[in-house]
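The sequence shown runs -7 to 398 under the working numbering. Notes follow the structure.
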Amino acid sequence: MTTKTIKAILFASLMVAMILPFSMMDVSAGPTENADEQTKEKAGKTIIRHNSRESEIPGWEVRDELLKKLDKTEDKLERANTQKQIDALTAQIQKWLDARMDESKKKLADEKSEILVNAHMNLVRTLGQKAAHEQLPVGGIGYDYANNALEIAIHPDVFSDENIPKYEKNIRKIIGDEVDITFVKAQLVQLQSCTDRNTTPCEPIEGGVLFDVDDGLPCTVGFKATYNSKTGFVTAGHCVNGGGSSTEIEQPTASTTDIANVVSETYTPFTTMSCDCAFIEETHASRSMSDRVFGMPDPATTANPFVNMQVTMSGGKSGLRTNFVSNTSYQLALDLDSNGSYDTWITNTVVAPYLSQSGDSGSPVMSGNSLIGIHISGVDSLQAGDRYFTKASTITSTFSGLTWGF
């Protein structure tokens, strides 16, 4: 090896020795310098919202006012003009929602929603309601379409800017940091059966009329169906909670003729349930079920709800009440024993802020001539706020083989 070659090798080795530390420093320093930034990119953001979810969707509140106007207007021309304005806003809102929707974030939020419901019920079982409520006072879980975030409703008694960080910490331990969260104040809702019996007998029985149960718990007929070769109707399960085949149904009041018996119901308080629903078999020849819904177009099919879908409840107490779907897979928490803490979950419900009151449970919810589901709960006494219904598709999957009476 020549002296010239040796010098060349030494020079090359020296250059490598000089360059390598700097290049190693650059490689190792890069992630360190950007670590916080990268973590922030991966960590979900947190929003605390003190107003309604609809207030963040352009045109939604204006449309609500138009719906109220439509409900009070009798003049045909004025009603037609108001409906045109509502339709135009609905199209505008749908366009805004379609442009904003992030399907991957929605999927992630749905996964986290299920995890959180299960975690809450595990706490209730292991620690008791009070201790579970102190850690997770969660009254509902849905999706914030305006911000593509998991929407978590906190009990109104403890909802505050000061308390949210504590609850967020507990929630993040369960569902992780990657999902965005919007915290809102929960509305106090109740299952809407009642004690009012001011209706007249229907012959045949239509969806949307009041009925009574042996124990004097009036609710509303849902829609005609056939299940296990028996014909009858579907309604909310809590209306006949605990009722077996001997439980008799009267219409309109407990003192009138028996028209049906309970066949099956899936309402299981103090647990997590996917369907608050029941099937009732007709038993009186001259008081059979009609395939009609009171005050609505004759149902011809079922349809799955979507955000911004216009729906109408035909309530036994409240009559026809219309609004637009704001959530399609909402996990609803209930305080059934009224002790200030949540003890029961109904999963996969649909939210729409139409008005309702006690006695409307079981009412059919429709869009045009399509059956969408049955009403189960909401804030009471026709007050503004969210209402909840069970999807028609959830009912058919719960009662395997059930067919609707179209």
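Note that CB positions come from ideal geometry on N, CA and C, so glycine has one too. Since the model is a prediction, treat every value here as computed from it, not as a measurement.
Nearest in C-alpha terms to Q323, of all of C231, Q127, E103, is E103. N43 counts as exposed, since fewer than 16 other beta carbons sit within 10 angstroms of its beta carbon. By the criterion of a C-beta distance shorter than 7 Å, T320 is surrounded in its chain by P297, F298, V299, V342, once the five residues flanking it on both sides are discounted. For E274, the enclosing beta strand (DSSP E) begins and ends at 270 to 274. A Cβ-Cβ distance of about 6 Å is found for the pair F271 and F391, placing them in contact under the 8 Å criterion. In the structure shown, the three-state DSSP call for L312 is strand. Taking the Cα of E106 as reference, the smallest distance to any Cα among E70, I144, L89 is reached at I144. Positions of the alpha helix (DSSP H) runs, each at least 4 residues long and wholly inside the segment 86 to 171, are given as 95 to 119, 121 to 127, 156 to 167 in order along the chain. The three-state reading of DSSP puts Q84 in helix, counting H, G and I together. When Cβ pairs closer than 8 Å are counted between the two stretches, the segment 195 to 205 is seen to touch the segment 278 to 286, the count reaching three or more. DSSP, reduced to helix, strand and coil, places S389 within a helical segment of the structure shown. Take the alpha-carbon of L59 and the one of A123: they are about 43 Å apart.
By DSSP's assignment, Y322 forms a beta bridge with T341. Under DSSP, S362 takes part in a beta bridge, and its partners are T293, S359.
Inclusion of N233 and A292 in the CB contact set at 8 Å is not warranted, their separation being larger than that value.
For E240, the uninterrupted beta strand (DSSP E) run begins and ends at 240 to 242, by DSSP. Shown here, L183 sits in a strand according to DSSP, grouped into three states. For K64, the three-state secondary structure derived from DSSP is helix.
If you look at I197, you'll find it in the beta strand (DSSP E) that goes 197 to 199.
Inter-residue distance for P345 and E46 is about 10 Å (C-alpha atoms, whole angstroms). If you look at F215, you'll find it in the beta strand (DSSP E) that goes 215 to 219. DSSP, read as helix, strand or coil, puts C231 in helix. Inter-segment contact for the segment 168 to 182 and the segment 59 to 69 is absent: fewer than three beta-carbon pairs are separated by less than 8 Å. Non-local beta-carbon contacts of P50 in its own chain, meaning distances under 8 Å to residues more than five positions away in sequence, involve Q84, I85, W88 in chain order. At the C-beta level, E170 and A35 come within 8 Å of one another. In the DSSP assignment, F286 falls outside any beta strand (DSSP E) and carries neither an H nor an E.
Residue environment for R92: exposed (fewer than 16 other C-beta atoms within 10 angstroms of its C-beta).
The straight-line gap separating the alpha-carbon atoms of Y135 and H276 is approximately 44 Å. Collapsing the DSSP output to three states places T38 in a strand.
In the DSSP assignment, the residues bridged to V226 are F215, F271. Contact annotation, S306 with L312: C-beta distance approximately 6 Å; criterion of less than 8 Å satisfied. The continuous stretches of beta strand (DSSP E) do not include S333, and DSSP gives it neither H nor E.
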